Amino acid sequence: MTTTLNPTLNTQLPPSTHEFAEIIHRLEAGGSMLPDTPENLMQIIGIYKAYAVPMDFYWRDLLYIAERVFLNPLPAFKYFLPKEYLDLPNHYAGDDADLRIWRGEATAHPELMDFIKKGETNSRMPKLFHHLWHDRINMEFAEACMRAMLWHRRMVAPVNRFDAYLDTPEYSANADRAIRAYFQGNPVMLGLYKLFPEMFIEQVRQLSYYSNLGLFWEVMAPVFFEMSDLYDEGKFTTVPEAMDFLVNGIFAIAGRPIYHHAHIRGECYEIIPKSKGFMWLYEAALPYVEAVFYRTSPFRGTKSYNAQAKQIPLEQENFHYGILYADVFPVGTAGIPPTLLMQDMLHFLPPYLVEYYAKHCRGQDDTLIQLGISFQRSMYNVTSAVIQALRTALLYPLDDSNPDHLLTNRQFFESQLDRFKRPEARLRNIQHDDYR
Amino acid sequence: MPDIVDIAVGAGSFQTLVTAVQAAGLVETLKSPGPFTVFAPNDEAFAKLPPGTITTLVQNIPQLTRILTYHVVPGKLTQADLAQHESVISVEGSPIPIHTANGFEVKNATVVAADIEADNGIIHVLEKVILMG
Numbered sequence: 001m002t003t004t005l006n007p008t009l010n011t012q013l014p015p016s017t018h019e020f021a022e023i024i025h026r027l028e029a030g031g032s033m034l035p036d037t038p039e040n041l042m043q044i045i046g047i048y049k050a051y052a053v054p055m056d057f058y059w060r061d062l063l064y065i066a067e068r069v070f071l072n073p074l075p076a077f078k079y080f081l082p083k084e085y086l087d088l089p090n091h092y093a094g095d096d097a098d099l100r101i102w103r104g105e106a107t108a109h110p111e112l113m114d115f116i117k118k119g120e121t122n123s124r125m126p127k128l129f130h131h132l133w134h135d136r137i138n139m140e141f142a143e144a145c146m147r148a149m150l151w152h153r154r155m156v157a158p159v160n161r162f163d164a165y166l167d168t169p170e171y172s173a174n175a176d177r178a179i180r181a182y183f184q185g186n187p188v189m190l191g192l193y194k195l196f197p198e199m200f201i202e203q204v205r206q207l208s209y210y211s212n213l214g215l216f217w218e219v220m221a222p223v224f225f226e227m228s229d230l231y232d233e234g235k236f237t238t239v240p241e242a243m244d245f246l247v248n249g250i251f252a253i254a255g256r257p258i259y260h261h262a263h264i265r266g267e268c269y270e271i272i273p274k275s276k277g278f279m280w281l282y283e284a285a286l287p288y289v290e291a292v293f294y295r296t297s298p299f300r301g302t303k304s305y306n307a308q309a310k311q312i313p314l315e316q317e318n319f320h321y322g323i324l325y326a327d328v329f330p331v332g333t334a335g336i337p338p339t340l341l342m343q344d345m346l347h348f349l350p351p352y353l354v355e356y357y358a359k360h361c362r363g364q365d366d367t368l369i370q371l372g373i374s375f376q377r378s379m380y381n382v383t384s385a386v387i388q389a390l391r392t393a394l395l396y397p398l399d400d401s402n403p404d405h406l407l408t409n410r411q412f413f414e415s416q417l418d419r420f421k422r423p424e425a426r427l428r429n430i431q432h433d434d435y436r
Numbered sequence: 437m438p439d440i441v442d443i444a445v446g447a448g449s450f451q452t453l454v455t456a457v458q459a460a461g462l463v464e465t466l467k468s469p470g471p472f473t474v475f476a477p478n479d480e481a482f483a484k485l486p487p488g489t490i491t492t493l494v495q496n497i498p499q500l501t502r503i504l505t506y507h508v509v510p511g512k513l514t515q516a517d518l519a520q521h522e523s524v525i526s527v528e529g530s531p532i533p534i535h536t537a538n539g540f541e542v543k544n545a546t547v548v549a550a551d552i553e554a555d556n557g558i559i560h561v562l563e564k565v566i567l568m569g
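For the record, the sequence lines run as chains A and B.
If you use this note's numbering, the first sequence corresponds to residues 1 to 436, in order.
If you use this note's numbering, the second sequence corresponds to residues 437 to 569, in order.
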């Protein structure tokens with residue numbers, strides 16, 4: 001594991017002839033796809049912090065929807081997180097953590113609590129007005145990510161067992177029990193369920209993905225908070241150090257259970273029990289990266305596509321609308337999920353990033369775009385961590401003495417970077433400081 | 437002849453594996469007639485995992501069981517038997533690639549001791565914990 005910390009340049013192989021040879025050599029030396037500069041480090045860590053605060057809301061609300069709102073046909077208040085879920089202890093922060101990643105508290109972050117009270121308008125108007133004015137955390141972004149995972153089902157098969165389980169009779173029987181319990185005494189909904197059972201089961205499948213993503217982000221929020229604290233304490237000085245922290249985090253939490261429980265009238269219905277053995281790494285993290293970083297879907301309203309002219313790939317695996325490919329500028333339109341995230345992050349930027357954005361481009365006028373590009377840089381670093389973690393788990397150490405092993409590593413890195421050959425990929429752009 | 441568990445306990449270099457097998461409640465299974473082929477990571481292999489990995493797995497037995505059963509294959513397969521296959525299917529259900537052209541490797545782990553015969557199967561010792569995918 002510690003091998004990624006050791007930047008020994010591999011001299012046993014001839015130089016790569018890949019289009020991104022320089023980046024491949026950097027990965028082989030234990031680096032990241034993102035160049036190691038103090039400016040990059042500052043941008044990505046600042047953004048991790050600004051991301052972690054809304055994420056602390058996202059994971060709590062995703063679990064609230066999966067577990068409590070459940071099949072409410074009119075879920076108008078699903079973004080109104082009750083105190084119980086704001087106080088829900090994060091399993092990876094606080095004194096009673098299963099494994100303490102962040103040294104902070106397990107309950108909702110103080111900056112988040114403050115924002116929920118006052119919003120951007122800094123007024124104590126009733127919650128409903130904050131909500132209608134969109135002066136709130138934009139859960140629509142979190143739901144768009146969840147939906148991307150649902151739309152791109154059957155990813156990472158056969159290792160991802162969670163997804164296949166959703167189509168089993170066992171899952172349908174578990175969902176059926178929960179649906180009947182939830183609509184107990186409601187003849188209209190039970191009648192509809194009898195007429196259209198598969199529609200209800202499909203809705204429960206979607207809720208299982210709410211739970212999946214909620215449990216995934218419950219881990220990532222404390223990881224990002226801790227990275228921000230370590231940076232503030234001067235303990236991170238390079239981009240590879242930040243990447244290695246993520247790699248170690250991925251391994252530490254790999255075995256965290258992924259499940260879906262629904263709490264109905266005081267009883268817990270195990271729609272996907274923990275005993276199925278589904279794991280954070282295989283059933284949540286890898287599908288998340290594939291669905292959200294790489295694929296997602298062409299967001300409506302950003303750009304016109306002509307599907308008949310094959311501007312949209314026929315195969316979902318060839319979708320490439322994720323953050324690693326996004327042109328942040330046209331995405332910056334109201335109501336588009338990535339923009340909603342940028343808006344959420346804007347509220348929690350550390351002072352050094354506010355100052356940094358004010359100095360570049362159009363200053364405050366285009367902070368959203370600038371932070372969107374920092375976010376893109378930061379996600380290239382997270383993707384690098386995933387690539388290095390997969391290499392560590394499935395292949396060989398970077399300083400392996402066997403040249404065949406080094407060649408296998410190289411082929412793996414090259415195949416990963418092949419995905420960034422397409423013109424939309426931003427890998428080329430993030431190599432330069434003036435891309436902002 | 438001692439069974440798979442007896443050999444692992446007796447060898448002294450599989451303390452983490454034995455603890456994990458006990459925590460997962462797999463002792464009885466690995467003492468049953470089987471037969472099984474066990475790719476057994478030694479203590480050094482577990483020590484290569486970053487801190488926290490084992491803690492999380494021990495807290496979550498079904499997930500620990502999944503990783504452990506990825507190291508077990510039904511039947512008694514010697515190195516020579518394994519050389520006939522490109523991959524074998526683990527009890528966990530995922531395939532384990534076998535490389536014997538240049539040394540003896542199981543997925544990305546080198547076999548440091550092969551063909552340790554037990555009453556109910558066979559053990560091949562690995563220097564790395566193998567993971568699905």
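We put the beta carbon where it would ideally sit given N, CA and C, even for glycine.
On a predicted model such as this, the values are computed, not experimentally measured, just so you know.
In three-state DSSP terms, what is Thr465/B? Numbered from 1 along the second sequence, position 29 holds the residue referred to as residue 465/B. Reduced to three states, the DSSP call for Thr465/B is helix.
- Query: Among residues of its own chain, excluding the 5 on either side of Gln370/A, which ones have a beta-carbon nearer than 7 Å to its beta-carbon?
  - Reply: The sequence position of residue 370/A within the first sequence is 370, counting from 1. Taken in chain order, the residues that qualify are Tyr357, His360, Cys361, Arg436.
Which residues in the same chain as Gly214/A place their Cβ atom closer than 7 Å to its Cβ, once the five residues preceding and following it in sequence are excluded? As a position in the first sequence, residue 214/A is number 214, starting the count at 1. Around Gly214/A: Trp59, Leu62, Leu63, Ala66.
Open item on the list: Rounded to whole angstroms, what is the Cα-Cα separation between Lys194/A and Ile258/A?
Closed with: Translated into the one-based positions of the first sequence, residue 194/A becomes position 194. Translated into the one-based positions of the first sequence, residue 258/A becomes position 258. Lys194/A and Ile258/A: Cα-Cα distance of roughly 30 Å.
Within chain B, the residues that Ser275/A reaches when beta carbons sit closer than 8 Å:
Residue mapping note: residue 275/A aligns to position 275 of the first sequence, counting from 1. By Cβ distance, chain B contributes Pro498.
Requested in this report: Could you name the residues of chain A that Asn538/B contacts, counting a contact when the two beta carbons are closer than 7 Å?
Outcome: Residue mapping note: residue 538/B aligns to position 102 of the second sequence, counting from 1. Within chain A, the residues near Asn538/B are Asp404.
_Tell me the DSSP secondary structure of Ala550/B in three-state form._
Along the second sequence, read from residue 1 onward, the residue named residue 550/B stands at position 114. Looking at Ala550/B - three-state DSSP - the assignment turns out to be strand.
So what does Phe475/B bridge to, in DSSP terms? Looking up residue 475/B in the second sequence gives position 39. Beta-bridge pairing links Phe475/B to His560/B.
Report the neighbours of Thr452/B on chain A: residues whose CB is nearer than 7 Å to its CB, in chain order. By 1-based counting over the second sequence, the position of residue 452/B is 16. Residues of chain A passing the Cβ test: none, with the nearest at roughly 14 Å.
Examine chain B for any beta-carbon lying closer than 9 Å to the beta-carbon of Tyr165/A, and answer yes or no.
What you label residue 165/A is simply residue 165 of the first sequence in a count that begins at 1. Output row for Tyr165/A: interface = no.
- prompt: What residue does the beta strand (DSSP E) around His25/A start on, and which one ends it?
  reply: Locating residue 25/A in the first sequence gives position 25, where the first residue counts as 1. Premise fails: His25/A lies in the alpha helix (DSSP H), 21-28, not in any beta strand (DSSP E).
Item to check | Straight-line gap, Asp439/B to Lys467/B (C-alpha atoms, nearest Å) | outcome: Translated into the one-based positions of the second sequence, residue 439/B becomes position 3. Translated into the one-based positions of the second sequence, residue 467/B becomes position 31. C-alpha separation (whole angstroms): 6 Å.
Q. Does the pairing of the segment 333-347 of chain A with the segment 36-56 of chain A give three or more beta-carbon distances under 8 Å?
A. yes
Fill in: Identity of the residue in Ala106/A, Glu170/A, Ile24/A, Thr296/A nearest Leu143/A by Cα
As a working note, residue 143/A is residue 143 in the first sequence. The sequence as given places Glu at residue 143/A; Leu does not occur at that position. For the residues Ala106/A, Glu170/A, Ile24/A, Thr296/A, the minimum Cα distance to Glu143/A belongs to Thr296/A.
How about Pro287/A and Ser530/B: do their beta carbons lie closer than 9 Å? Within the first sequence, numbered from 1, the residue matching residue 287/A stands at position 287. Within the second sequence, numbered from 1, the residue matching residue 530/B stands at position 94. Contact flag unset, no.
Alpha carbon to alpha carbon, what distance is there between Ala326/A and Ala425/A?
For this step, residue 425/A is matched to residue 425 along the first sequence. For this step, residue 326/A is matched to residue 326 along the first sequence. If you take the alpha carbons of Ala425/A and Ala326/A, they lie about 7 Å apart.
Query - Per DSSP, cross-strand counterpart(s) of His260/A - result: Stepping through the first sequence from its first residue, residue 260/A is reached at position 260. Listed as beta-bridge partners of His260/A by DSSP are Ile272/A.
- Task: Compute every distance between the C-beta of Trp133/A and the non-hydrogen atoms of the ligand SAM, then say whether any falls below 8 Å.
- Result: Although the ligand SAM was asked about, the structure shown includes no ligands whatsoever.
*Endpoints, the beta strand (DSSP E) within which Pro510/B is located*: Counting from 1 along the second sequence, the entry for residue 510/B is found at position 74. Here the beta strand (DSSP E) through Pro510/B covers 508-510.
Q) Buried or exposed: where does Arg256/A fall if 16 or more other Cβ atoms within 10 Å of its Cβ makes it buried? A) Your numbering for residue 256/A matches position 256 in the first sequence. Buried: at least 16 other Cβ atoms inside 10 Å.
Query raised in the report: Quick one: is Gln458/B near chain A, going by C-beta distance under 9 Å?
Result: The count along the second sequence starts at 1 and reaches residue 458/B at position 22. No, no contact with chain A.
Assign Trp133/A to buried or exposed, taking buried as 16 or more other Cβ atoms, counted over all protein chains shown, within 10 Å of its Cβ. Taking the first sequence and counting its residues from 1, one reaches residue 133/A at position 133. Exposed, because fewer than 16 other Cβ atoms sit within 10 Å of the Cβ of Trp133/A.
Would Thr492/B and Leu99/A be called neighbours here (beta carbons separated by less than 9 Å)?
Numbered from 1 along the second sequence, position 56 holds the residue referred to as residue 492/B. Numbered from 1 along the first sequence, position 99 holds the residue referred to as residue 99/A. The answer is yes: Cβ separation under 9 Å.
Quiz item: Tell me, which residues are paired with Met279/A by DSSP?
Solution: One-based indexing of the first sequence puts residue 279/A at position 279. Pro257/A.
message = Using beta carbons (cut-off 9 Å, strictly below), is Thr492/B in contact with chain A?
response = Stepping through the second sequence from its first residue, residue 492/B is reached at position 56. Yes, Thr492/B counts as interfacial toward chain A.
ask   = Would you say Val223/A faces chain B, with C-beta separation under 9 Å as the test?
value = Translated into the one-based positions of the first sequence, residue 223/A becomes position 223. Val223/A does not count as touching chain B.
Quiz item: Got a sec: is the Cβ-Cβ distance from Thr455/B to anything in chain A below 9 Å?
Solution: The residue labelled residue 455/B in the question sits at position 19 within the second sequence. Chain A, which has no Cβ nearer than 9 Å to the Cβ of Thr455/B, makes this no.
Give the DSSP-derived three-state secondary structure of His535/B in the structure shown. For the purposes of this step, residue 535/B is taken as residue 99 along the second sequence, with counting starting at 1. Strand, per DSSP.
Checklist line | Given Pro110/A as reference, the closest of Phe57/A, Val69/A, Ile47/A, Leu395/A once Cα atoms are compared | finding: Numbered from its first residue, the first sequence carries residue 110/A at position 110. If you compare the alpha carbons of Phe57/A, Val69/A, Ile47/A, Leu395/A with that of Pro110/A, the shortest gap goes to Phe57/A.
Got a sec, what are the start and stop residues for the alpha helix (DSSP H) Ser211/A sits in? For the purposes of this step, residue 211/A is identified with residue 211 of the first sequence, where counting begins at 1. If you look at Ser211/A, you'll find it in the alpha helix (DSSP H) that goes 197-232.
> What residues in its chain sit with their C-beta under 6 Å from that of Phe413/A, if we drop five residues either side in the sequence?
Replying inline: In the first sequence, counting from the first residue as 1, residue 413/A sits at position 413. Closer than 6 Å at Cβ, skipping near neighbours: Ile24, Leu27.
- Item | Helix, strand or coil at Trp59/A according to DSSP, with G and I counted as helix | If you number the first sequence from 1, residue 59/A lands on position 59. Three-state result, Trp59/A: helix.
_Please state the DSSP three-state secondary structure of Thr457/B._
Residue numbering aside, residue 457/B sits at position 21 when the second sequence is read from its first letter. The displayed chain sequence assigns Val, not Thr, to residue 457/B. It is helical.
Do Asn538/B and Pro471/B have their C-beta atoms within less than 9 Å of each other?
-> By 1-based counting over the second sequence, the position of residue 538/B is 102. By 1-based counting over the second sequence, the position of residue 471/B is 35. No, they are not a contact pair.
Residue environment, Tyr396/A, which counts as buried when at least 16 other CB atoms sit within 10 Å
To locate residue 396/A, count along the first sequence from 1; it is residue 396. So Tyr396/A ends up on the buried side.
query = Would you call the segment 84-100 of chain A and the segment 258-278 of chain A touching, i.e. three or more CB-CB distances under 8 Å?
reply = no
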